[in-house]
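Participant: Encoded as C-alpha cells, here's the structure I'll be asking about.
There are 2 protein chains.
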Amino acid sequence: MKPYVVGVDIGGTNTVFGIVDARGAVIASSSIKTLKHANVNDYIDELYTGINNLLVAHDAVDKVYGIGIGAPNANYYTGTIEKLVNIPWPTPLPLAQMVSEKFGGLPVAITNDANAAAIGEMTYGAARGMKNFIMITLGTGVGSGIVINGQLVYGSDGFAGELGHVIMKRNNGRLCGCGRTGCLEAYCSATGVARTAREFLEIRTDASILRNLPIEAITSKDIYDAAVAGDPLAKEIFEYTGEILGEAFADFTVFSSPEAIILFGGLAKSGELLLKPIRESMERHMMPTFKGKVKVILSELKEADAAVLGASALGWEAKPLATAQPVAQPATPPPSLPA
Amino acid sequence: MKPYVVGVDIGGTNTVFGIVDARGAVIASSSIKTLKHANVNDYIDELYTGINNLLVAHDAVDKVYGIGIGAPNANYYTGTIEKLVNIPWPTPLPLAQMVSEKFGGLPVAITNDANAAAIGEMTYGAARGMKNFIMITLGTGVGSGIVINGQLVYGSDGFAGELGHVIMKRNNGRLCGCGRTGCLEAYCSATGVARTAREFLEIRTDASILRNLPIEAITSKDIYDAAVAGDPLAKEIFEYTGEILGEAFADFTVFSSPEAIILFGGLAKSGELLLKPIRESMERHMMPTFKGKVKVILSELKEADAAVLGASALGWEAKPLATAQPVAQPATPPPSLPA
Numbered sequence: 198m199k200p201y202v203v204g205v206d207i208g209g210t211n212t213v214f215g216i217v218d219a220r221g222a223v224i225a226s227s228s229i230k231t232l233k234h235a236n237v238n239d240y241i242d243e244l245y246t247g248i249n250n251l252l253v254a255h256d257a258v259d260k261v262y263g264i265g266i267g268a269p270n271a272n273y274y275t276g277t278i279e280k281l282v283n284i285p286w287p288t289p290l291p292l293a294q295m296v297s298e299k300f301g302g303l304p305v306a307i308t309n310d311a312n313a314a315a316i317g318e319m320t321y322g323a324a325r326g327m328k329n330f331i332m333i334t335l336g337t338g339v340g341s342g343i344v345i346n347g348q349l350v351y352g353s354d355g356f357a358g359e360l361g362h363v364i365m366k367r368n369n370g371r372l373c374g375c376g377r378t379g380c381l382e383a384y385c386s387a388t389g390v391a392r393t394a395r396e397f398l399e400i401r402t403d404a405s406i407l408r409n410l411p412i413e414a415i416t417s418k419d420i421y422d423a424a425v426a427g428d429p430l431a432k433e434i435f436e437y438t439g440e441i442l443g444e445a446f447a448d449f450t451v452f453s454s455p456e457a458i459i460l461f462g463g464l465a466k467s468g469e470l471l472l473k474p475i476r477e478s479m480e481r482h483m484m485p486t487f488k489g490k491v492k493v494i495l496s497e498l499k500e501a502d503a504a505v506l507g508a509s510a511l512g513w514e515a516k517p518l519a520t521a522q523p524v525a526q527p528a529t530p531p532p533s534l535p536a
Numbered sequence: 198m199k200p201y202v203v204g205v206d207i208g209g210t211n212t213v214f215g216i217v218d219a220r221g222a223v224i225a226s227s228s229i230k231t232l233k234h235a236n237v238n239d240y241i242d243e244l245y246t247g248i249n250n251l252l253v254a255h256d257a258v259d260k261v262y263g264i265g266i267g268a269p270n271a272n273y274y275t276g277t278i279e280k281l282v283n284i285p286w287p288t289p290l291p292l293a294q295m296v297s298e299k300f301g302g303l304p305v306a307i308t309n310d311a312n313a314a315a316i317g318e319m320t321y322g323a324a325r326g327m328k329n330f331i332m333i334t335l336g337t338g339v340g341s342g343i344v345i346n347g348q349l350v351y352g353s354d355g356f357a358g359e360l361g362h363v364i365m366k367r368n369n370g371r372l373c374g375c376g377r378t379g380c381l382e383a384y385c386s387a388t389g390v391a392r393t394a395r396e397f398l399e400i401r402t403d404a405s406i407l408r409n410l411p412i413e414a415i416t417s418k419d420i421y422d423a424a425v426a427g428d429p430l431a432k433e434i435f436e437y438t439g440e441i442l443g444e445a446f447a448d449f450t451v452f453s454s455p456e457a458i459i460l461f462g463g464l465a466k467s468g469e470l471l472l473k474p475i476r477e478s479m480e481r482h483m484m485p486t487f488k489g490k491v492k493v494i495l496s497e498l499k500e501a502d503a504a505v506l507g508a509s510a511l512g513w514e515a516k517p518l519a520t521a522q523p524v525a526q527p528a529t530p531p532p533s534l535p536a
C-alpha cells in the first residue's frame, strides 16, 4: 500500500493542500489562491503543479494512495460541487473526475468541509475509536458531519448532515442564509453570535465594553475578548448561544444517540466559556434516557493542519473513478493509473 | 440455510408470535396474554409452548434460523428490556438470553417495536431497496426506526431513534410522558391528536359534531370519523397535526436526508387526510437543498401481520449469544445449537 495521501481544502479565499502519512503527520503543505483563476481548468493546472512540486521535493511522486478534497457543497456520491458562492466556475462541477484525470487516474474523493473534519477527527483526532459521534463546525456558518456505525452519513442524495439548518426558533426567528427563518446557524455561527451581540446592545441599556465598538463591526472574537475581560453582557451572549446549542444537541441525541458531540471552528476556541453553558443546557433539555451519556468536547486536530488532515483522511477511502479517462502522460505515468 | 424465522411482538396486552418464511409470508401465528404471568419465567414457558406448538403443527421444529423480538424499551446491543410500564417483571430483563436458552441456544435478537417495524418495512414492505429512510409509528406514542446506509441506527447505547421526543414547541409546550414539554409525541400521537381536539373544543366556539361526544372520551378515531363526515373543526385538527409533523420531517431531513419517511400505526390509517397537510407543511419548511426529494408514504405491511413480520425480519440477523448457556435438550437438540 502506498504510504501517503494528499489532502486539499478548498476555501473561498485559499486552497490549502498537503502530503499526509498514515499516522496523520503532515509531511509538507502549501496553498494557492482559490479565486486567482476565473477558469477552473487554469485553477486545476496550478493545483496540480503545486501538489506535484511538493511530491517531487519529498520523493513522494509514486507513493500517493489517493487524494481527498474538502469543498463547500461537495457531493461525495457524484464527486461534484453542486453550488459555488463567490467563485465563478460553472456548476455542477465534476471536480473529483477533473482532478483524478489531471493526476492520471489517481483515486479522488470529495466531500464538504464539515464531513471532511469529521473523517479527520475519526482518523486522527478526538473521535478515534468512536463509532457514533457528531462533528459540529462553528465558523461563519454552522456545519456538521455525522458518523453512525463508523460511517459518515451522506443520506440518499449525498447532502445529509446539514444540522446548522434545524429550526430552533419557530416564531419570529432570524432570517438564515438558506432563505428560511430560525435556523441554528442564524444564532450559533460566529456571525450569529455577532447578531446576538447587536440585538442585546440595541434592546438593553446595561453597560458593556462592547459599546465602545462600532456596533456593525462587532465580531465573535470581540465578544470573546470582552467575556474574558469579565464583561457581563458578553458572558450572557455566550450563555444564550450555549443554551440554544444545548437544546439542539439534545434533539440530535434522540436521533442518533452519539457518544460525543465534537466542536470545531473559530467559535469552538472559546473553550469553557461556550462549553459550560452548552453542557448545562444539553443536560437540562435531554430526554431522561440519554442524560449524562453524551460528551461535548473540542476537536483535537491542530487548526493549522485540520482542514488538510480531514480532507486527506478521505483519500484513504477514495476509489478510482469508473468514468475517469486517464489523460496521456507520455513520459512517466503515475503508478496508480488503473490497469 | 434454515427456511423460517419466528417473530414475537410483545405488547402491553398481547404477545403475538408467528412463523415467517424468507418471502415474508406468515405461515402461522398465535398469541398469549402478556400480563397473565407475574413471574417472567412462567411467561417464557408459555411463550415457548405456544411457539413450539406452531412449529410442530407446521413441521418446522428444526427449520428455524432465529427468533426476532419486538418489545418496548428493548436494547438491541444488550438483548435486555431496560424498562417496563404496567408489566411487573424485573428490569433490566435479559430477555434475548432467556428466550435463547429456552430454545436451546437458538439465535435471538431483540429491538423496540418501531425499529422492528422499520426492519420489517425494509425487508418486506414499502422500503424494499431503500438504503436511507425513516419509519414513523403514529400510535399511542410516536416511535421511530431510522435506517442509514441500509443499517438500522441504534446509536452508542442502543436507544437511538426516539424521534417522538424532538422538541417542537419550545414555549408553553404540552407535558410529555417523558417528563419534558413540547415533544412531537405530545402533539402527533393518537393521544396527542385527542388532546388537540380537547384544546380546540375548549378554546373555540364554532360548531362541531365532536361536541356531541363527552370531551374526555374523544379518540383520534372519533376525530377521523368527524373529518370524513366533513366536520371543519375535525379537519383543522388533522391540518394542525400535519403541520407539526411536516415541520419535524423537514428537520429530520437535514439530519439524514432520507429517500422516504414511512408512516405506520393507527393514525396513519387516516391516509390523505393526514398525508396532504404533512406533505404541504414539510415542503414549505424544507431547506431548499432537499425540496421535492423526500417521499412521505404509508407502510405497505398488512396491519394484522406487521408486528410479527417486523420482529421476524430481525431473526435473520440474530446471532447466537456469546453468553448463552444451552440448556439440556437430551432427545433432539435444536439444529442451530452453537457447536
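The listed protein sequences correspond, in order, to chains A and B.
Take the position in the first sequence, starting the count at 1, then add 197; the result is the number in the working numbering.
Take the position in the second sequence, starting the count at 1, then add 197; the result is the number in the working numbering.
In this text, a Cβ means the ideal position worked out from N, Cα and C, and glycines have one as well.
What does a CB cutoff of less than 8 Å around B:K230 pick up in its chain, not counting 5 residues either side in sequence?
Facilitator: Answer for B:K230: T210, N211, T212, listed in chain order.
Participant: Quick one, are the C-beta atoms of A:S454 and B:A445 less than 7 Å apart?
Facilitator: No; because the gap between Cβ atoms is not below 7 Å, this pair is not in contact.
Participant: What are the residues in the region 432-451 of chain A lying within 9 Å of chain B by C-beta distance?
Facilitator: Within the region 432-451 of chain A, the qualifying residues are E444, A447, D448, F449, T450, V451.
Participant: Name, in chain order, the residues that DSSP records as bridge partners for B:N211.
Facilitator: The partner list for B:N211 (beta bridge, DSSP) reads B:K230.
Participant: Who pairs with A:G204 in a beta bridge, going by DSSP?
Facilitator: DSSP lists A:G215, A:G265 as partners of A:G204.
Participant: Out of B:L244, B:K299, B:I248, B:D310, point me to the one whose CA is closest to B:N272's CA.
Facilitator: Per the Cα distances, B:D310.
Participant: Quick check on the burial criterion: 16 or more other C-beta atoms within 10 angstroms. Buried or exposed for B:P287?
Facilitator: With fewer than 16 other Cβ atoms within 10 Å, it is exposed.
Participant: Could you tell me whether the Cβ atoms of B:L349 and B:M365 are closer together than 7 Å?
Facilitator: For B:L349 and B:M365, no; Cβs fall outside 7 Å.
Participant: Helix, strand or coil for B:V425, going by three-state DSSP, please let me know.
Facilitator: Helix, per DSSP.
Participant: Counting only runs of 4+ residues fully inside the region 349-375 of chain A, write out the alpha helix (DSSP H) ranges in chain order.
Facilitator: Complete alpha helix (DSSP H) runs here, min 4: none at all.
Participant: Please report the straight-line C-alpha distance between A:P289 and B:K466, rounded to a whole angstrom.
Facilitator: The straight-line gap from Cα to Cα measures roughly 41 Å.
Participant: Helix, strand or coil, according to DSSP, for A:V505 in the structure here?
Facilitator: Of the three classes helix, strand and coil, the one that applies to A:V505 here is helix, per DSSP.
Participant: Pair every Cβ in the region 482-495 of chain B with every Cβ in the region 507-514 of chain B, then say whether three or more of these pairs are closer than 8 Å.
Facilitator: Short answer: they don't touch.
Participant: Considering only the beta carbon of each residue, do B:L335 and B:L464 sit closer than 7 Å?
Facilitator: Closer than 7 Å, so yes.
Participant: Hey, does B:T486 have any beta-carbon neighbour from chain A nearer than 7 Å?
Facilitator: True, the Cβ-Cβ gap to chain A drops below 7 Å.
Participant: Would you report the Cα separation of A:Q294 and B:M327, rounded to the nearest angstrom?
Facilitator: Near 27 Å, if we compare the C-alpha coordinates of B:M327 and A:Q294.
Participant: Residues in its own chain within less than 8 Å of A:E399 by CB, not counting five upstream and five downstream?
Facilitator: These residues qualify, in order along the chain: I412.
Participant: Give me the chain B residues within the contact set of A:S453, using Cβ-Cβ distance strictly less than 7 Å, ordered along the chain.
Facilitator: Simply V350, G352, A357.
Participant: Rounded C-beta distance between B:K299 and B:Y245? I'm assuming under 8 Å.
Facilitator: Confirmed, about 5 Å.
Participant: Rounding to the nearest angstrom, what Cα-Cα distance links A:V189 and B:P485 in this structure?
Facilitator: Look at the range of chain A in this structure, 198 to 536, and you will see that residue 189 of chain A is not part of it.
Participant: Look at the Cβ atom of A:S417, then the Cβ atom of A:A391, and state whether they are nearer than 7 Å.
Facilitator: Contact: yes.
Participant: Helix, strand or coil for B:L252 per DSSP?
Facilitator: Helix, per DSSP.
Participant: Can the beta-carbon of A:R371 be found less than 7 Å from the beta-carbon of A:A387?
Facilitator: Cβ atoms of A:R371 and A:A387: not closer than 7 Å.
Participant: For the candidate residues B:G379, B:N249, B:N329, B:F214, whose alpha-carbon lies nearest to that of B:G347?
Facilitator: Comparing Cα-Cα distances from B:G347 to each of B:G379, B:N249, B:N329, B:F214, the minimum goes to B:N329.
Participant: Closer than 7 Å by beta-carbon distance: list the chain B residues that pair up with A:Q360, in chain order.
Facilitator: Before going further, note that residue 360 of chain A is Leu rather than Gln in the sequence given. Those are V451, F452, listed as they occur along chain B.
Participant: Do B:I441 and B:C385 count as a contact pair if the criterion is CB distance below 7 Å?
Facilitator: In contact: B:C385 and B:I441 (Cβ atoms closer than 7 Å).
Participant: Which residue from A:L251, A:P269, A:T275, A:S496 puts its Cα closest to that of A:L281?
Facilitator: Comparing Cα positions, the closest option is A:P269.
Participant: With distances taken from CA atoms, which of B:M479, B:L410, B:I406, B:N312 is nearest B:A143?
Facilitator: As displayed, chain B neither begins before 198 nor continues past 536, which places residue 143 of chain B out of reach and without an answer.
Participant: Relative to the C-alpha of B:A306, which residue among B:Y240, B:D206, B:V344, B:G374 is closest?
Facilitator: Checked all of B:Y240, B:D206, B:V344, B:G374; the closest Cα to B:A306 is B:D206.
Participant: Comparing C-alpha positions only, which one of B:G322, B:V363, B:A315 sits nearest to B:G342?
Facilitator: That would be B:A315, whose Cα lies nearest to the Cα of B:G342.
Participant: One question on the structure: do B:P291 and B:A235 come within less than 7 Å of each other, judged by their Cβ atoms?
Facilitator: Not a contact, by the Cβ cut-off of 7 Å.
Participant: What residue does the alpha helix (DSSP H) around A:M479 start on, and which one ends it?
Facilitator: Counting along the chain, the alpha helix (DSSP H) containing A:M479 begins and ends at 469-482.
Participant: Measuring only the C-alpha atoms, how far is B:M319 from B:K516?
Facilitator: The alpha-carbon atoms of B:M319 and B:K516 are separated by roughly 19 Å.
Participant: Select from A:D239, A:D256, A:A254, A:G322 the residue whose C-alpha is nearest the C-alpha of A:L506.
Facilitator: Per the Cα distances, A:G322.
Participant: When burial is assigned at 16 or more other CB atoms within 10 Å of the CB, is A:R408 buried or exposed?
Facilitator: Under this definition A:R408 is an exposed residue.
Participant: Tell me which residue opens and which closes the beta strand (DSSP E) that A:S341 is part of.
Facilitator: Unbroken beta strand (DSSP E) run through A:S341: 339-345.
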